[in-house]
Each structure stands twice: as C-alpha cells, then as structure tokens.
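**Student:**
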Amino acid sequence: MDTTSTLLAEAERLFVPTYKRPPIVLTHGRGVEVWDSQGRRYLDFTAGIAVNALGHADPISQQVLAEQASKLTHVSNLYWNVPAIELARLLVDSCFAERVFFCNSGAEAVEGALKFARKIGLRRDPNKYAIVAFEHGFHGRTAGALAVTHKPAYREPFGPLLPGVRFTPFNDLAAAERVIDADVCAVIVEPIQGEGGITPASDAFLEGLRALCDRHQALLIFDEIQCGGGRTGKVWAHQWSAVTPDIMVAAKPLANGLPLGAILTTAAVAEHLQPGDHGSTFAGGPLVCAVGASVFRRLCDPALLEHVRAMGDELRARLGELQQHDARVREVRGRGLMQGIQVAGDVAAVRAAAQEAGLLVVTAGEDVIRLVPPLIVQREHIDEAVSVLRHALEAA
Ligand SMILES: *Cc1c(COP(=O)(O)O)cnc(C)c1O
C-alpha cells in the first residue's frame, strides 16, 4: 500500500509542474465533505472550483451514470443521441437561448463562441474581428480563450495570441464606449467575475454593453461558466438583470464534475453557421449528457434555487459579521453562493491556515478568498466554515 509521502514524491516526479498544489491527496467525498489519504476530513467550500454543485458522490448522479454506461457511452457527433437532445431542450428552456453547441470544458465553449462571433463579423466586413474583453476577466487557458483573459502573467509567456483583442476596465461604461466601434465583432464579459476576484457587474453596465453591442452590430457574449447553473440563486446570473446576451457559455456545474460545456445562442446567430464550421469528437456524448440532463434539471428546481438564496443570504450575513470583527476583511462581495472576501495581508496564508483547520477554499485575484460551496450546503456547514475562517485570519 502506498503511503501518502510516497504518492506525493511520485506526483512531484510525474507531472508537468503547472500547478502549485498543497501536499494532500483526496480520496473520497460525500456531500459537502471530502477526505484525504490520511483520513483527514475537510469541509469543501471549493467544490472543484464551483463545479460540484450537488456535492460529492451524489447518489442520483451515480445511478444515472451507471444506467447510461450500461447502454451507450460515446457515439461521436456523426450521430444523434437521446440524452444530448434532452439536455439541449432543458438548456434552451432555461433562458434566452434557442440553439445549443456542446463541448467539453469552459475554455472550449469560449473558443467556439469567439469563432461564431468572428465568422459573423467577418461576413459583414473584413475589418470586423476585434473582441472587447475586461480587466480582471478570466475565460480559460486555450489560445483563443487566453487571448481574452486579462492577467498578463497568464498570457505573455505565449507570444502573440488572437489579434484584435481590446481590454478595458470592468464596470466602466464610459471606457467601454471608447473601445466598442464598428470593427468589434464581440464583447465578452462575466456577469460576475470569478477568478478575477468575485466582482459582480452592475445592471447598468450590462445594460450599457447591450446597447453598445446593438449600436455597433457586435455580439454580446456572457461567460457564465462559473456564475451560472444556479450558483447565484437564479439559474443564470444575468437573469438578475433585464439583459440577455447573443451567446452564453456555460460549463463548470453542468454535470456535477463530468466534463461538459455548452454554447447557448439565438437562432439568428446559429443561422450563420453551417456543417464544418466547428466540431468535437467527444462533446455531447450520451454518458456526460445523461448525467448533465439529470443534474441540470435539479439545478433549475425552484426549491433548490430558493435554498441557494437562503444559504447565500446566511453566508453573506455571517461574512458581514466577520468583517465587523476583523479589520483585515476589507470587503465582502458576490451573490448567492458565490461570495468573496477581500483580505488585507497574505491571502495564501489564510487559505493554508483554513486547510490546516479542515476547510478547503480557493483564492481569487490577488487578495480574495473565494467561497463557492456545493449548492446543497446547510446552515451548520456555513457556521463551521465561517468559524474556521475567523481563526485562519487570526493565524495567518
Ligand atoms: C473556469 C472558467 C473558464 C474556463 O473553464 P475551463 O473548464 O477551466 O476551461 C472560463 N470562464 C470562466 C468565467 C471560468 O470560471
């Protein structure tokens, strides 16, 4: 039997070192809890980075997975399959969208959305290919998605990426107005910035972007990969506002941990696309879509969304108390079960101290602790998490 230290030594040797991981190996989970190879239990407020919305080892997903695996796992997009059609219908019924394209991850959804926008823009005018993106925005690590991701340290080692990307400050409509012109084919924005620091877009900002896109015949793309799928207490975060996009990309929680992404769009956008324009071998397969349909149906359940709003309010109130008690907490922000606390001081040390005390959290931006627990989280978990955080802030 491998001991943890042997596993860790092997891991250090075997992997390309693109991640900085703490020396723990997770072995199993249940609901909001996970355990490591030494039998230590953690409360999981990372949830696979806002992925495991229905918690670990979800019994219904296990059953759907087993049943579908005994029928059909993969057929490719050369043929139709029933679970993909079912999931597409659920997604379309959940929002503005009329057409769906499936993919395998968030970055892939962004890649596809940018391709769609480029094709439509270039058909109007050979100069209409610029894309407006925002400071502190995050859209993924593949070349196209990376080109619209703001953080220079993520982009710069890789040389010239997509040409025509213009970054402008988030929540600053006047600045956006200066860069959105006739050459812009798309504006991509997160209704709540995740990785960049849990910063919600104002309704006025989203409304203003909608108007600018309409004026200049650019597509408005909402990246709801992290904030969508019930996390804010509505199925989609933009549904708190009156604005709808032309394209929305989704991924993280859609299949509770299986890789599944989607591009949701209008019939008017889809009309410009034809066979051969885009594709994927794995995407939209029956196994992942069967789990996705079951998971997404539950994420749309009004009772679950009501629970998210109630637990979000609870978490927000408790973090507000923490801010009162500890001056190092500069700001609490977010919506529903996507909350961030901006901390003065060493945020990595706070994260490490929380882990030491049995709470998994992930940072966001330079100085934010991100709290994105499974949506099934209960009041007692929130009590425990906030109490651990209070001590972690003191210890760090
Ligand atoms: C995680 C994330 C992505 C990238 O998704 P991957 O599945 O990691 O490729 C893109 N946009 C946002 C807002 C995200 O949070």
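Take 45 as the starting number for the sequence shown in the numbering used here and just add one per residue. Just so you know, even glycine gets a beta-carbon here, dropped at the ideal spot from N, CA and C. Keep in mind it's a predicted model, so treat the numbers as computed, not measured.
#1: By the DSSP assignment, the beta strand (DSSP E) with ARG414 in it spans what residues?
#2: Could you tell me which residues DSSP pairs with PHE211 in its beta bridges?
#3: How many Å lie between GLY252 and ALA281 at the Cα?
#4: Hey, how far is the Cα of VAL412 from the Cα of ALA436?
#5: Our contact map puts LEU415 next to LEU359 with C-beta atoms below 8 Å; I'd like the distance itself, whole angstroms only.
#6: If we count the other Cβ atoms within 10 Å of its Cβ and call it buried at 16 or more, is HIS425 buried or exposed?
#7: Taking 8 Å as the cut-off, decide whether the C-beta atoms of VAL387 and ARG372 are in contact.
#8: With burial defined as no fewer than 16 other Cβ atoms inside 10 Å of the residue's Cβ, what is the status of PHE340: buried or exposed?
#9: By how many angstroms is the C-alpha of ILE175 removed from the C-alpha of VAL228?
#10: With respect to the beta strand (DSSP E) encompassing GLU77, which residues constitute its N-terminal and C-terminal limits?
#11: Rounding to the nearest angstrom, what Cα-Cα distance links LEU304 and VAL108 in this structure?
#12: Would you kindly check if the distance between the Cβ of SER81 and the Cβ of LEU51 is under 8 Å?
#13: Going by other Cβ atoms of all chains shown within 10 Å of its Cβ, with 16 needed for buried, is SER338 buried or exposed?
#14: When burial is assigned at 16 or more other CB atoms within 10 Å of the CB, is ALA189 buried or exposed?
#15: Counting only beta-carbon atoms, is PHE160 nearer than 8 Å to chain C?
#16: For VAL332 and ARG222, I'd like the C-alpha separation in whole angstroms.
#17: Closer than 6 Å by C-beta to SER246: which residues in its own chain qualify, once you throw out the five before and the five after it? Chain order, please.
#18: Quick one: any contact between the segment 254-269 and the segment 160-178, if contact means 3 or more CB pairs under 8 Å?
#19: Considering only heavy atoms of ligand 1, does any lie closer than 7 Å to the CB of PHE182?
#20: Does the beta-carbon distance from LEU70 to ALA306 come in below 8 Å?
#21: Please state if the CB of ASN300 and the CB of LEU116 are separated by a distance shorter than 8 Å.
#22: Measuring alpha carbon to alpha carbon, tell me which of ALA401, GLY409 and ARG423 ends up nearest GLU438.
#23: When burial is assigned at 16 or more other CB atoms within 10 Å of the CB, is GLY329 buried or exposed?
#24: Taking one C-beta from the segment 315-325 and one from the segment 344-358 each time, how about it: are there three or more such pairs within less than 8 Å?
#25: Can you tell me whether ARG379 is buried or exposed? The criterion is at least 16 other CB atoms within 10 Å of its CB, across all chains shown.
#26: Are the CB atoms of THR47 and VAL405 nearer to each other than 8 Å?
#27: For the beta strand (DSSP E) that GLY73 lies in, which residues bound it at each end?
#28: Relative to the C-alpha of ALA141, which candidate in ARG434, SER285 and ASP290 has its C-alpha closest?
#29: Cβ of LEU308 within 8 Å of Cβ of CYS147?
#30: Could you tell me whether the Cβ atoms of GLY156 and HIS322 are closer together than 8 Å?
#31: Suppose the cutoff is 7 Å on Cβ atoms and the five residues either side in sequence are ignored; what does the same chain contact list for ALA398 look like?
#32: Considering only DSSP beta bridges, list what ALA151 is partnered with.
#33: Can you check whether the CB of GLY389 is closer than 8 Å to the CB of ALA408?
#34: For VAL209, I'd like the list of residues in its chain whose CB is within less than 7 Å of its CB, leaving aside the five on either flank, ordered along the chain.
#35: I need the straight-line Cα distance from VAL279 to LEU87, nearest angstrom please.
#36: Within 10 Å of its beta-carbon, does HIS72 have 16 or more other beta-carbons around it, so buried, or fewer, so exposed?
**Tutor:** Quick look at the numbers:
#1: For ARG414, the uninterrupted beta strand (DSSP E) segment begins and ends at 412-415.
#2: According to the DSSP secondary-structure assignment, PHE211 is paired through a beta bridge with ALA177.
#3: GLY252 and ALA281: Cα-Cα distance of roughly 17 Å.
#4: Approximately 14 Å, taken between the alpha carbons.
#5: LEU359 and LEU415 do touch by the CB rule: their CB atoms are close to 7 Å apart, below 8 Å.
#6: It counts as buried.
#7: Remark: C-beta atoms of VAL387 and ARG372 approach each other more closely than 8 Å.
#8: Here PHE340 is buried: its Cβ has 16 or more other Cβ atoms, across all protein chains shown, within 10 Å.
#9: Cα-Cα distance, rounded: 6 Å.
#10: First-last of the beta strand (DSSP E) with GLU77: 77-80.
#11: Each residue's Cα considered, the two are about 16 Å apart.
#12: With respect to SER81, LEU51 sits close: the two C-beta atoms are nearer than 8 Å.
#13: By the 10 Å Cβ count, SER338 comes out buried.
#14: When all chains shown are included, ALA189 counts as buried.
#15: Of the protein chains in this structure there is only one, and it is not chain C.
#16: Rounded to the nearest angstrom, the two C-alpha atoms are 42 Å apart.
#17: Cβ within range, chain order: ASN215.
#18: Segments in contact, yes.
#19: Checking the Cβ of PHE182 against ligand 1 gives yes.
#20: Not a contact, by the Cβ cut-off of 8 Å.
#21: Not closer than 8 Å, so no.
#22: Selected option, being the one with the closest Cα: ALA401.
#23: It counts as buried.
#24: Judged by Cβ distances under 8 Å, the segment 315-325 makes no contact with the segment 344-358, as fewer than three pairs qualify.
#25: So ARG379 ends up on the buried side.
#26: Contact: no.
#27: Counting along the chain, the unbroken beta strand (DSSP E) around GLY73 starts and ends at 70-74.
#28: It is ASP290.
#29: No, they are not a contact pair.
#30: Their beta carbons are under 8 Å apart, which means GLY156 touches HIS322 by this criterion.
#31: Here the set comprises VAL405, VAL432, LEU433 and ALA436.
#32: For ALA151, DSSP assigns no beta-bridge partner whatsoever.
#33: When the beta-carbon positions are compared, ALA408 and GLY389 stay at least 8 Å from each other.
#34: Only ILE175, ALA177, ALA191 and VAL192 meet the Cβ criterion.
#35: Computed Cα separation, rounded: 25 Å.
#36: Exposed: under 16 other Cβ atoms inside 10 Å.
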